[in-house]
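Trainee:
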Amino acid sequence: MRERGDLIRNASMDVLGKMLPVLDDFDRAAADGSEDVEAVREGRNLIHT
Numbered sequence: 698m699r700e701r702g703d704l705i706r707n708a709s710m711d712v713l714g715k716m717l718p719v720l721d722d723f724d725r726a727a728a729d730g731s732e733d734v735e736a737v738r739e740g741r742n743l744i745h746t
């Protein structure tokens with residue numbers, strides 16, 4: 698039972714570790730305040746891929 702809990706905890710940490718940089722990129726893009734719709738779309742696509 699303990700091994701299962703450790704496995705779930707480690708998997709969760711791995712997923713969060715991979716998501717945080719992406720979320721940080723989206724936060725920085727949102728803070729930019731650009732009103733150029735095409736530039737925002739391009740930036741979002743760069744982050745997403």
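Sequential numbering from 698 applies to the sequence shown in my numbering.
Idealized CB from N, CA, C, for every residue including glycine.
(1) To which residues of the same chain is E739 closer than 7 angstroms at the C-beta, ignoring the five residues directly before and after it?
(2) Mind checking which residues open and close the alpha helix (DSSP H) that includes M710?
(3) Below 8 angstroms on the Cβ atoms is my contact criterion, and I expect A726 with R741 to pass it. Report the Cβ-Cβ distance as a whole number of Å.
(4) Compute the distance between the beta-carbons of I744 and D711, then report whether it is under 7 angstroms.
(5) Would you give the residue range spanned by the alpha helix (DSSP H) that E732 belongs to?
Mentor: Taking the coordinates as given:
(1) What you label residue 739 is simply residue 42 of the sequence shown in a count that begins at 1. Spatial neighbours of E739 in its own chain (CB-CB distance under 7 angstroms, excluding positions within 5 residues in sequence) are not present.
(2) For the purposes of this step, residue 710 is taken as residue 13 along the sequence shown, with counting starting at 1. R699 to D729 is the span of the alpha helix (DSSP H), which, as asked, contains M710.
(3) As a position in the sequence shown, residue 726 is number 29, starting the count at 1. As a position in the sequence shown, residue 741 is number 44, starting the count at 1. The Cβ separation is near 7 angstroms, so the contact holds.
(4) The count along the sequence shown starts at 1 and reaches residue 744 at position 47. The count along the sequence shown starts at 1 and reaches residue 711 at position 14. Between I744 and D711, the C-beta spacing is not below 7 angstroms.
(5) To locate residue 732, count along the sequence shown from 1; it is residue 35. Taken as a continuous stretch (DSSP letters only), E732 belongs to no alpha helix (DSSP H), as it is neither H nor E.
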